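These notes concern the structure reproduced below.
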Amino acid sequence: MFKNSLLYPEKDISNCGLAGFINKDKKRVDGSIITKIIANQHDRGNGLGGGFAVYGLYPEYEDKYVFHLMYEHQKAEEETESFLNKFFRVIKSEEIPTRQIEEIKNSPLHYRYFVELSDEKKPASLSLLSEEDYVVNRTIEINKNIDGAFVVSSGKNFAAFKGVGFPEDISKFFMLENYKGYAWTAHNRFPTNTPGWWGGAHPFTLLDFSIVHNGELSSYGINKRYVEMFGYECTMLTDSEVVAYLVDLLVRKHRLPFKVVCDIFSPPTWDYINNIEDKEIKEYHKKLRIVYGSALLNGPFGFIIGFNGGLVGLSDRIKLRPLVVVESGNTTYLSSEESSVLEVCNKIDSVWHPKAGEPVFAFYNDYKGE
Amino acid sequence: MGLLTIDAENLYYRDLNAKIKEAVRKQNIKKIIIKNARGQRFIGTGLQEKDVEIIVESGVPGNDLAMFMDGPTIKVLNNAQDGIGNTMNNGKVFVHGDAGDVIAYGMRNGKIFIKGSAGYRIGIHMKEYKEMIPSIVIGGKTGDFLGEYMAGGIILVLGLTKDENPIVGRYCATGMHGGVIYLRTDKVPTYLGKEVKVFELNEGDKAKVKELVEEFCSEFKEYNSNDILNGKFIKLIPVSKRPYGRLYSPGNHFPLPEENYFSNKKVDIEKYYY
Amino acid sequence: MKFTFSLKPENFIIERDDERCIRCGACVQQCSYNAHYFLEEKNKVLGINHNCVGDGRCVAICPTNAIRIRQAENPYRPNHNWSKEKMMDLYEQAENGTVLLVGMGAPTPHPVYWDKIILNASQVTNPSIDPLREPMEVKTYIGSKPDKIEVVFDNKTKKPDIKTKISPQLELEIPVMFAAMSFGAISLNACKSLAKAASEMGTFWNTGEGGLYRDLYQYGKNTIVQVASGRFGVHLDYLNAGAAVEIKIGQGAKPGIGGHLPGEKVNHEISVTRAMPEGADAISPAPHHDIYSIEDLRQLIYSIKEATDYEKPVFIKISAVHNVAAIASGIVRAGADAVVIDGIRGGTGAAPKIIRDNVGIPIELAIAVVDERLRKEGIRNQASLIAAGGFRNSSDVIKAIALGADAVYIGTAALMTLGCHVCGMCYKGICNWGIATQREDLTKRLNPEIGAERAKNLLKAWKHEIQEMLGAMGINSIESLRGNRLNLRAVDIHEPYLSILGIKPAGA
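Chains as they are written, first to last, in my numbering: chain A, 1 to 370; chain B, 1001 to 1274; chain C, 2001 to 2508.
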């Protein structure tokens, strides 16, 4: 948790531009491609936030959890390292390599740790937790209680890189051209509330779920209180954070398929539901809204969810934010603007605009789930 | 002579537009070809020359194409994005592909032709005054909120693309209080705005539609105007100039002057106060 | 007449001194609400109390001063929860099922912080300055200012040249401008009065969302043209005619909802200027439908700059709502040259009563937090701040500037110079003073020459008072007061409002 977050207790607004692509055959490519796409959308941000999520970048540590951390000061680093050593078996810990450039100032410290779980490290009070719940629990603990430390990502073979600056500068800073992944998402932010806050950039992650979000959740107040009932803590002062926790709750814990989760986030209107002829579908929508009304996301949004099975794109119920899909061979691109994809792709098979509330599923060829 | 080609790759939108304005205003260029458009915004904004043609030959132009434009013609030989013709005052735009959301917002005059489909909120608050009648023709389908708040002008949707979607989305013409929408379909759309009613086309309507379809086909040559005109059309027009007249009331009910019997005339007090 | 479930509501009682009344019939002829009538057989002029809106026209024109208007009593049993007004509103809605409309700014009893803030005066340690004999500068420039400049001295002539390009600015002789009131909401004669007064006093007036009538293009140099969500009357000549372009996102009287000009007020001139059919309601949608997110706002700002060749400053007008500081910060970063903030007391020609009275925050708090936030982020220079919403006199203006505003818009005060009595019936379109109406028999009552003279008088008087107050504080140039909160103290304001305003209590 960052100390100065207390100065700005209101939620921040996440307006901006986003992009992402997935190679469904799991072909790994370097970070220059996604950087070109998001750099084309330069005017959608104001230079105070940029970030990337990468899947498949640490193949040699494929089955280990990798924690990416940001620290305000060295003391936070020491405290967190000893925390991780206490609760996990740390295979490797090191600073994340960065390149100093003029455009990026006042960077916090960046570290990464490859860890695995071990029974003797699990305290008795948490022994009943599943592996993933344990990781989530320890992640929340760091964010909440270790002063000056903030978990950027905590999944397997997945990481997030983000900070204060235009995304193309963040990419240079973290030397993303040296990483290879089979799915990348990126975000260009236009923050208004906490402009100096590295933790406020997108993506927001939990385990291997990542969110890049364009828009503002007018339902944030209740979404936040709803997930906090289930043990999550919103510490990042940004509305997009709550979507990452909702996805973890609904997909991982409640085991709902993604298309159901999208029906919860962007449900059809009651007048539409009342006119559905098929009784079972009608009941399905009705019950979802009755039970999960507090998870309905209101306000303009377009977002891309990344996870270990692929990417999911979704826009709000009345399509107030743009989202376009471009297919090219084994690659699916999602973006706020079609023209940005043209920077890297000139053999286009199809271009289409999803409808309001219509999810876009781009899964790996070998993914069996939904 | 009078022709300029610009390669827009790596060109920031402000520089591209400055080049275009310089060419049109100072160098008397009448035709500009743009290659490799990469999402540059506001192309055509602020131009008033009627005899100028801008062709986006490759790439996709950015948002707000032809916004506030007042005369030239723009042709895009590919898809286009959001905000085309925003508050446009005159001129023509042709898009050989699909277009995005919020097209022709507040459009005042001129014509827009989209060969493919368009997104949500097309033609919001289009206006009209005397001979200034804006029109927009969409060859494919549109999303929800077509013609929201429309106050004038013509929207024509042809539904020619081969997909399962309905010709227009829901809440079409909600808040419409002027102008006309023609749809090439025989199924009345569901969830129509309550301000409109569906009618058959009369001779005047048919002439207007014919003119627009012919212009559409002369640019998008893969379509045949006779085939299109032989289809069934319906017309949507608002049935009230004051769709929200009944919704608001004065804070203290007292009669409006016309209803007040006592302006200068003899009074029957008993009757008034029962 | 049908039976109604409620008492006939009265807000005002007309009291006529029968001995003084000479039966001239002027009040009968003048009152557009038909509150007076002449009973021939008894040779008496009588009043219909429940038609009276209390706008003072009859009192002003009665040649023998025979009329007095007083407030009607509360005919219901006293009840702190159920006031007379709340009861009357409820009966109205039960009768019609409608949304109640009102005009002018919120009259609700929220605290007026201006009345609890006091100014400093210099004594002993610092001399006060006499504005009548010494220079006292109130000139103000509105626009985006760079953080630093580069000066180059010519080798030969040794003359300095400032290389940094400075964005276009508006020059004001007095930090008070006339607020946006559309042609449609007010009459052409009212617009002419304000345009003329602004031109002659070296300040600006605002077209509001109704477009610019062709006769008013001559005042273009002193006009701020507004682009609202209905885009009425917006085309390239309009954008280029004014000195600045203001994008209206919101308005203090009705944050979050759009504008509404009833069809009765849309006559031929309005229909030409707005490019819409006569008699139709002119509705401005709630949001601009091309702004659903802050990056869209930047897109709109730059589209206007592109359309005007980057020659005019672009303002953004918002209402003061909960997170106004964050929104203002986003607007400045989106490229605006000035942010106009309209507080809850802002006026309107027509708004739903429930919105006007319940939505929005006072402008005093809004200016204080926005100014503080922009300074904390280091971007205060990038845009000017203009405050609006219920300014009544020059001390309110000075206090706003001390809190951080660059200039102030006056709306209600400007209309009052033309005769407005704040009766709040603007939406009916039959304003007795010829201001909020389009009926020719009423608008001819407002003479633009006289109106302009009166509006100028107000600005002249306020300019002089501002100079007196500045002099008393020992300041001879208004830049030294802008954001200078140490010159303010508070009486009877408690925490946390004291911290929000950023001023100390009197005595400290």
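Every residue, glycine too, gets a C-beta built ideally from N, C-alpha and C.
If you're wondering where the values come from, they're calculated on a predicted model, not measured in any experiment.
Can you name the residues of chain C whose CB is closer than 9 Å to the CB of residue i?
i                     : result
residue 43 of chain A : 2295, 2298, 2299, 2302
residue 16 of chain A : 2293, 2294, 2295
Can you find the residues in the same chain that come closer than 6 Å, C-beta to C-beta, to residue i, ignoring five residues on each side of it along the sequence?
i                       : result
residue 1271 of chain B : Annotation note: pLDDT 39 at residue 1271 of chain B (below 50); position unreliable, no value reported.
residue 1174 of chain B : 1148, 1193
Got a sec: is the Cβ-Cβ distance from residue i to anything in chain B below 9 Å?
i                       : result
residue 333 of chain A  : no
residue 360 of chain A  : no
residue 274 of chain A  : no
residue 2289 of chain C : yes
residue 353 of chain A  : yes
residue 2232 of chain C : yes
residue 2281 of chain C : yes
residue 2477 of chain C : no
Give the interface partners of residue i over in chain C, defined as CB-CB distance under 7 Å, in chain order.
i                       : result
residue 1045 of chain B : 2303, 2306, 2307
In the DSSP assignment, the alpha helix (DSSP H) including residue i goes from what residue to what residue?
i                       : result
residue 1101 of chain B : Careful: residue 1101 of chain B lies outside any alpha helix (DSSP H) and carries neither H nor E.
residue 2091 of chain C : 2084 to 2096
residue 2471 of chain C : 2448 to 2472
residue 221 of chain A  : 220 to 228
residue 1163 of chain B : Counting along the chain, residue 1163 of chain B falls outside any alpha helix (DSSP H), and DSSP gives it neither H nor E.
residue 239 of chain A  : 239 to 247
Using the beta-carbon of each residue, which ones in chain B are nearer than 8 Å to residue i?
i                       : result
residue 2422 of chain C : By Cβ distance, chain B contributes nothing, its closest Cβ being about 14 Å from residue 2422 of chain C, past 8 Å.
residue 2275 of chain C : 1108, 1127, 1128, 1129, 1132, 1152
So that I know if they touch, is there some Cβ in chain C lying closer than 9 Å to that of residue i?
i                       : result
residue 216 of chain A  : yes
residue 46 of chain A   : yes
residue 1027 of chain B : no
residue 190 of chain A  : yes
residue 167 of chain A  : no
Using a Cβ cut-off of 8 Å, pull out every chain A residue sitting near residue i, in sequence order please.
i                       : result
residue 1120 of chain B : 318, 319, 356
residue 2345 of chain C : Chain A residues near residue 2345 of chain C: none, gap ~24 Å exceeds 8 Å.
For residue i, list the residues DSSP reports as bridge partners.
i                       : result
residue 993 of chain B  : No answer is possible for residue 993 of chain B: the residues shown for chain B start at 1001 and end at 1274.
residue 2226 of chain C : C:2246
residue 1199 of chain B : B:1235
residue 315 of chain A  : A:302
residue 2068 of chain C : C:2015
residue 205 of chain A  : A:210
residue 16 of chain A   : A:189
residue 23 of chain A   : A:331
Output needed for residue i: all residues of its chain with C-beta closer than 8 Å, excluding positions within five of it in sequence on either side, in chain order.
i                       : result
residue 2281 of chain C : 2260, 2261, 2262, 2263, 2266
residue 1209 of chain B : 1156, 1182, 1201, 1229, 1233
residue 310 of chain A  : 22, 24, 183, 361, 362, 363, 364, 367
residue 2151 of chain C : 2160, 2161, 2162, 2163
If you drop the 5 nearest sequence neighbours on each side, which residues of the same chain put their C-beta closer than 7 Å to that of residue i?
i                     : result
residue 90 of chain A : 84, 113, 115
Using a C-beta to C-beta distance shorter than 7 Å, which residues of chain A count as neighbours of residue i?
i                       : result
residue 1082 of chain B : 322
Which chain B residues are close to residue i, counting only those with a beta carbon under 7 Å from its beta carbon?
i                       : result
residue 343 of chain A  : 1038
residue 2236 of chain C : 1046, 1048, 1068, 1070, 1089
When the cut-off is 9 Å and only beta carbons count, does residue i lie next to chain A?
i                       : result
residue 2375 of chain C : no
residue 1085 of chain B : no
residue 2380 of chain C : no
residue 2330 of chain C : yes
residue 1089 of chain B : no
residue 1013 of chain B : yes
residue 2333 of chain C : yes
From which residue to which residue does the beta strand (DSSP E) around residue i run?
i                       : result
residue 145 of chain A  : Not the beta strand (DSSP E): residue 145 of chain A falls in the alpha helix (DSSP H), residues 131 to 145.
residue 2161 of chain C : 2160 to 2162
residue 1007 of chain B : 1003 to 1007
residue 1070 of chain B : 1070 to 1076
Along chain A, in chain order, which residues have C-beta atoms closer than 9 Å to that of residue i?
i                       : result
residue 1144 of chain B : 318, 319, 355, 356
Note down, in chain order, every chain B residue with its Cβ under 9 Å from the Cβ of residue i.
i                       : result
residue 2109 of chain C : Those do not exist, as residue 2109 of chain C stays about 18 Å from chain B at its closest Cβ, beyond 9 Å.
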